[in-house]
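First up is the structure itself, then whatever we jot down about it.
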Amino acid sequence: MAERWLPLIALISCFILGGLPLTGWITRGFSGQDLKHVGTGNVSVSAAFYHGGKVAGIFAVLSEAFKGIAVVLTFRILVPNEPVWEIAGLIALVLGRFFIGRGAGTTNVVWGYLVHDIETAFFVAVIGGIGFTVLREKQVGRLSVLVLLPIITALLHPNASGRIVAVMVLSCVIALIYRAIPDDLNLSTRHAHPESKQVFSFFRGDRAIQTLDQRLSSKTAGNKAARLAELKRLGYPVPEGWVLPPGDDPQPLVDLLTPSDSQPLIVRSSATDEDSDASSAAGQYDSILNIADRVGLRQAIAQCQLSYTKASAVQYRRDRSTVDTQASTSTNPKATQSSSRSSSSQLGSGGMAVLIQPQIRGVFSGVAFSRDPVSRQGEAVVIEALPGTATQ
């Protein structure tokens, strides 16, 4: 009789264990942050990395991994040769994690399933990991893993129908939980703990989006963004920035960023033929300030891109192309024809990359010339500035 009740008592214990806020305690101990009252309010491993830093995140992973492993091993001892109970224990653990602990239970399941069925876990990790690395899209990555888990279990254990059904239930439970709670990975990386920004950005899928932390090509990101990225690598205090190359879909970038009244963004032009060695295009393209929501961000991106086709901007580029053509006319008619074709090609091959950055509320705003623009000699740095924002 006792043997019959033990698994049921163990399931209840798993539910309670899932709700034990070890991650919250660890994060508060290392950083003083109460995860229930910051960010999304989730007491999750990703929240521990985001708000508590790398050390808090690592210990949070270890604590949640311990829960998943402990559950599987407990049922393996209580009900040997019945792997369905191990999956049932993980389901109870995840439900407790959601209803009591305010987390999704992903880490619990990953490590618990690794002990439960290492062969299936290996194939899911390899296939899902390759897909995530290639696509860099976390929602697709999550969905693929949840679909792969019962499929590969069925392929490796075709005669274990109860086990396959239990795994399907586990995947469905996790999918429903993902829909029910906000995702900490949707928080902006600029507010993440400095120690864990790189880890956080990887699991967000940010590498599919170009940022000023990368080596950027002026051909796709524009000269402005490429040079700012270079300055940032050299250690200058360049604000964080995200780049939308010409022709790219802006929606992933819009979904990534979370502008607000207290933390507005600025949308800046970074045309591929702007800020070149030959011309600056200063004032030709639009920069839009005080972006406080995603709707405004989408509109500002469109406005910035549209400014590339303004009559004055087109004439500006045409004038500089004409200068090059006229310079060739005096020497050789054939060279003139060739140069004209080349200039037209360059004019048409340009495009508007968009640079988005946190808006800096400057006490003073201006321009610093690394060499005197009048005398063009010496080592003097010339600064032109006015109080307030750069709109003046």
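Okay, so the sequence shown: first residue is 1 according to the numbering used here, each after it adds one.
Built from N, CA and C at the ideal position, the CB exists for glycine as well.
Following the DSSP letters along the chain, one finds L95 inside the alpha helix (DSSP H) bounded by residues 83–99. In terms of Cα proximity to G29, the closest of V126, A225, G52 is G52.
For L289, the secondary structure class from DSSP, reduced to helix, strand or coil, is strand.
By the Cβ-count criterion, C172 is exposed, with fewer than 16 other Cβ atoms from all chains shown falling within 10 Å of its own Cβ. Taking 8 Å as the cut-off, the beta carbon of P259 is found closer than this to the beta carbon of D293. Q377 carries a coil assignment under DSSP once its states are collapsed to helix, strand and coil.
Within the DSSP secondary-structure output, S365 pairs in a beta bridge with L386. Residue environment analysis places K310 among the exposed positions, since fewer than 16 neighbouring C-beta atoms fall within 10 angstroms of its C-beta.
When the beta-carbon positions are compared, E64 and R76 stay at least 8 Å from each other.
The three-state reading of DSSP puts V173 in helix, counting H, G and I together.
Between K219 and the set S46, A271, A192, the nearest pair of CA atoms involves A271. Here Q210 is buried. Its C-beta has 16 or more other C-beta atoms within 10 Å. Distance from the CA of V126 to the CA of S262, rounded to the nearest whole angstrom, comes to 42 Å.
When G351, L228, Y113, G105 are compared, the shortest CA-CA separation from V43 is found for G105. Here P358 is bridged, per DSSP, to L265. Per the Cβ contact rule, the region 17–31 is in contact with the region 54–68 (3 or more Cβ pairs under 8 Å). P150 is not a Cβ neighbour of V124, given a cutoff of 8 Å.
By the 16-neighbour rule on beta-carbons within 10 angstroms, A278 is exposed.
Shortest Cα-Cα distance from G362 to any of A390, A368, G351 involves A390. Beta-bridge analysis with DSSP links A47 to no other residue. In the DSSP annotation of this structure, L35 is not part of any alpha helix (DSSP H), being labelled neither H nor E. Looking at the backbone, the Cα of G241 and that of G129 are separated by about 27 Å.
In this structure the region 220–227 does not touch the region 82–96; the number of beta carbon pairs closer than 8 Å is below three. Spatial neighbours of A368 in its own chain (CB-CB distance under 7 Å, excluding positions within 5 residues in sequence) are listed in chain order as V381, I383.
Taken through DSSP and simplified to helix, strand or coil, L244 comes out as strand.
Separation of S276 and H193 (C-alpha to C-alpha, rounded to the nearest whole angstrom) is 36 Å. Judged by DSSP in its simplified three-state form, A154 adopts helix.
Looking at E195, V169, I181, I174, the one whose alpha-carbon comes closest to that of F49 is E195. Beyond the five residues adjoining it in sequence on each side, T153 comes within less than 6 Å, by CB distance, of T120, I164, V167 in the same chain, given in chain order.
Taking the Cα of A10 as reference, the smallest distance to any Cα among A70, G41, D34, T40 is reached at A70.
For the pair L17 and D255, the Cα-to-Cα distance works out to about 35 Å. Contact check for L265 and L253: beta-carbon distance about 11 Å, past the 8 Å limit, so the pair fails to qualify. Taken atom to atom, the span from the alpha-carbon of G283 to that of Q303 is near 14 Å. About 5 Å separates the CB atoms of V354 and I301; that is less than 8 Å, so the two are in contact.
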